[in-house]
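Enquirer: Here it is, the structure, as structure tokens.
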Amino acid sequence: MKPTTRLRQLIADPEILVAPGAYDGITARLIEQAGFAALYMTGAGTSASFGLPDYGLLTMTEMVGNAARITAAAGSLPLIADGDTGYGTELNVVRMVQEHERAGTAGIHIEDQVSPKRCGHLDGKELVSTQEFLAKIRAAVATRRDPDFVIIARTDARSVAGFDESIRRANAALKAGADVAFVESPQTLEEVRMVPQRVDGLCLLNIVWGGKTPQVDLREAQLMGYSIAILPGLLLKAVYGACDAALAELKETHRHPRPLFDGNVRDGFRRFGADQWDALRSRFRDPPAPAAE
Amino acid sequence: MARPTSILKAIINRREATILAGAANGLFARIIEDIGYEAVYVTGAGVANMYLGAPDIGLTTLTEVAAHVAAIADAVALPLLVDADTGFGNPVNMVRTVKVLERAGAAGLQIEDQVFPKKCGHFDGKDVVPLQEMLAKIKAAVDTRRDGDLQIVARTDARAILGLPAAIDRAGAMIEAGADVTFVEAPTSAEELAQIARSLSVPQVANVVFGGRTPELGQRKFAELGFGCVLYANAALQAALKSAHDVLAALKREGSLASVADHLAGFDIRQQTVAKPKYDELERRYR
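Protein chains in written order, with the numbering used here: chain A, 1 to 293; chain B, 294 to 580.
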């Protein structure tokens, strides 16, 4: 089954689809091995992996290149990717959708911030007009070659123009052809609850630690009516913490600290497909056995 | 040996209206070098046209432009003046753009005051950012360059939107912000070109687009006015386009190249242009 079709099935399922955020091949593989059904490519994490903040500094080429890396690493899972603003106007959105489809991405979200954008949980964001936002959604819908490719409309209006405006924009985007609405950074539990009630379509919840939205249990989010939950920073923040601790311990003890992952070199490679590659090592060396008569 | 940045700076400051032919790839840059030009202009419109088969409306990314610049820098020894459009975003993006393109091998960067994503300077419907934002971009570029001779060529597209006096005022403010060279895009007469050169203290760039809005005064006249260089950004592209079209149409029509043979470079010229003798020599040396 195509990843796009699989993603649609998972979204339609009454159970909430939980997509932890990956930003490279390692995080993609770990999400797959942990048994999640889908994964999310975080733009903030991708920027961080370049050593940069989420200030719209990466190019579409770099973002899509990372999506291609992730789909190659965790090929069995559908990928939802952060498409930011589409990196320009609706014409740039056309090119971005073409490139993401080619990279094997199953769905993207497109937002209504001014391009270049800022992280949704930072201050100082600016919005484009609803008209310009809808032009981007229409462009994305018209460009996808695979009708199952999922277009998620994200509005950043909550912190700039208020909750009502964010709901109005989400509904307008669904009417313009978006498959899912993503109201970014509702600021109270009540607002989190209101989104699925006031949006006329499927909803995505963004669970960010230390952001503007209060923490919500995934089971509760499902009861509220959310179809998808993404956790973009889950692994990135775990990595900061693990790395800081290991580096501090090395400085202090002058010895290799006992890692959180306490396996040998071989165990580590097995997490990244060593067994499958070992099978390929010998497989092509000898001519295939003649087929039995 | 002088750095490419210093060479480009000297060329522009001679104010001899040195013609910079544009290249969008290594092959065109090689032709430019073989003919004896002193520098190459890396054309953003050319990259959009030749790489994507798309118009110059801001579809190419910084990553893609940088890859082209790096390939061209490897193919020729000439300094490269690179079209960096708007800096691909806001002043913060400009910081990364300067780092990436300087590392890719640019000797000068041309940055403009259009709204991101930009449009070709000779198209209708373009728009400019507030002057303060453009000045912030120039300061960002000047602060970021590692080589102080990396030429910052500040282009204003305001002529078509706000009129010539406003465009000249903008260019003047860009000089104060640290631009080494200014470039008032798409003046429409010889008198306008003269007024630009008279009004601004630093060397000027003129852009002659075949079929565009700026009259082709000829190099001698541009030099009399004191222009630093004159861009013929897409002369090679337009020549190749017509020739390729005519040859392929004839081949389709007639089933052979006989009637258009004089349009085609011979096999030897082609290999000479891509420096095959140099690579042959390298092969001998390292074998």
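We treat Cβ as the ideally placed atom computed from N, Cα and C, and that holds for glycine.
Is there a C-beta anywhere in chain C that falls below 9 Å from the one on B:N318?
Expert: Protein chains in the displayed structure are A and B, and chain C is not among them.
Enquirer: Report the neighbours of B:I355 on chain A: residues whose CB is nearer than 7 Å to its CB, in chain order.
Expert: Note that residue 355 of chain B is Leu in the sequence shown here, rather than Ile. Chain A residues near B:L355: T59.
Enquirer: If you reduce the DSSP assignment to three classes, tell me which class A:A34 lands in.
Expert: coil
Enquirer: Could you check the C-alpha separation between B:E509 and B:S482 for me, to the nearest Å?
Expert: So the two alpha carbons sit approximately 9 Å from each other.
Enquirer: Can you find a CB in chain B that lies within less than 9 Å of the CB of A:P116?
Expert: yes
Enquirer: For the beta strand (DSSP E) that B:C413 lies in, which residues bound it at each end?
Expert: For B:C413, no beta strand (DSSP E) encloses it, and the DSSP letter there is neither H nor E.
Enquirer: Listed in chain order, which residues of the stretch 60-90 of chain A have Cβ atoms closer than 9 Å to some Cβ of chain B?
Expert: Contact residues of the stretch 60-90 of chain A toward chain B are M60, T61, E62, G65, Y87, G88 and T89 (C-beta to C-beta distance below 9 Å).
Enquirer: Sorted by chain position, which residues of the same chain lie with C-beta nearer than 7 Å to A:E101's C-beta, five sequence neighbours on each side aside?
Expert: R144, R145, D146 and F149
Enquirer: For B:M387 and B:T379, what's the separation of their Cα atoms in angstroms?
Expert: 8 Å
Enquirer: Let me know the secondary structure DSSP gives B:Q444 once reduced to three states.
Expert: Of the three classes helix, strand and coil, the one that applies to B:Q444 here is strand, per DSSP.
Enquirer: Check whether the Cβ atoms of A:I80 and A:A38 sit closer than 9 Å, and answer yes or no.
Expert: Their beta carbons are under 9 Å apart, which means A:I80 touches A:A38 by this criterion.
Enquirer: Sort A:R138, A:E15 and A:Y87 by Cα distance to A:V114 and report the nearest one.
Expert: A:Y87
Enquirer: Measuring alpha carbon to alpha carbon, tell me which of B:L530, B:P480, B:V495 and B:G398 ends up nearest B:V446.
Expert: B:V446 has its Cα closest to that of B:V495, out of B:L530, B:P480, B:V495 and B:G398.
Enquirer: For the stretch 30-62 of chain A, enumerate the residues whose C-beta is nearer than 9 Å to any C-beta of chain B, in chain order.
Expert: L52, Y55, G56, L57, L58, T59, M60, T61 and E62
Enquirer: What first and last residue would you give for the alpha helix (DSSP H) that runs through A:V160?
Expert: R158 to A161
Enquirer: Please list, in chain order, the residues of the stretch 377-408 of chain B that have any C-beta partner in chain A closer than 8 Å.
Expert: F381, G382, N383, V385, N386 and R389
Enquirer: Looking only at its chain, what residues have a beta carbon closer than 8 Å to the beta carbon of A:G124, apart from the 5 residues adjacent to it on each side?
Expert: R118
Enquirer: Mapping the DSSP letters down to three states, classify A:H254 as helix, strand or coil.
Expert: coil
Enquirer: Is there at least one Cβ from chain A nearer than 9 Å to B:I445's Cβ?
Expert: no
Enquirer: Please report the straight-line C-alpha distance between A:P290 and A:A279, rounded to a whole angstrom.
Expert: Here the alpha carbons of A:A279 and A:P290 stand approximately 20 Å from one another.
Enquirer: Listed from N- to C-terminal order along the chain, which residues in the stretch 302-317 of chain B have their beta-carbon within a distance smaller than 8 Å of any beta-carbon of chain A?
Expert: none
Enquirer: Would you mind reading off the limits of the beta strand (DSSP E) that contains A:T105?
Expert: First-last for A:T105: undefined, no H or E at that position.
Enquirer: Taking 9 Å as the cut-off, decide whether the C-beta atoms of B:L355 and A:T61 are in contact.
Expert: Less than 9 Å separates the beta-carbon of B:L355 from that of A:T61.
Enquirer: Within the same chain, show all residues whose beta-carbon is closer than 6 Å to that of A:E32, passing over the 5 residues directly before and after it, in chain order.
Expert: In the same chain as A:E32, and ignoring 5 residues on each side of it, the C-beta atoms closer than 6 Å to its own belong to A74 and L77, in chain order.
Enquirer: Run the proximity test for B:R513: is its beta-carbon closer than 8 Å to any non-hydrogen atom belonging to the ligand NAP?
Expert: This structure lacks the ligand NAP; in fact it carries no ligand of any kind.
Enquirer: Mind pulling the alpha helix (DSSP H) runs of 4 or more residues that sit fully within the stretch 209-248 of chain A?
Expert: 218-224
Enquirer: Using DSSP's beta-bridge definition, name the partner residues of A:R95.
Expert: Answer is none; A:R95 lacks a bridge partner.
Enquirer: Can you tell me whether DSSP reads A:G65 as helix, strand or coil?
Expert: helix
Enquirer: Using a Cβ distance threshold of 8 Å, determine whether the stretch 437-457 of chain B contacts the stretch 311-318 of chain B, with at least three qualifying pairs required.
Expert: no
Enquirer: Quick one: which chain A residues come within Cβ less than 7 Å of B:E410?
Expert: With the sequence shown as reference, residue 410 of chain B is identified as Pro, and Glu is not the correct amino acid for it. In chain order: G88, T89 and N92.
Enquirer: Go ahead and label B:V335 buried or exposed: buried means 16 or more other beta carbons lie within 10 angstroms of its beta carbon, across all protein chains shown.
Expert: buried
Enquirer: Can you pull the chain A neighbours of B:I350, defined as C-beta to C-beta under 8 Å?
Expert: Listed along chain A, the residues sitting closer than 8 Å to B:I350 by beta-carbon distance are L91.
Enquirer: Check B:Y525 in the structure and name its three-state DSSP category.
Expert: strand
Enquirer: Within a Cβ cutoff of 7 Å, which residues of the same chain sit near A:S185, ignoring the five residues on either side of it in sequence?
Expert: G120, H121, R158, S159, G211, K212 and T213
Enquirer: So which of B:Q488, B:K302, B:N306 and B:D349 has the shortest CA-CA distance to B:N527?
Expert: B:D349
Enquirer: Compare the C-beta of A:R138 with all C-beta atoms of chain B and state if any pair is closer than 9 Å.
Expert: Answer no: the Cβ-Cβ gap between A:R138 and chain B never drops below 9 Å.
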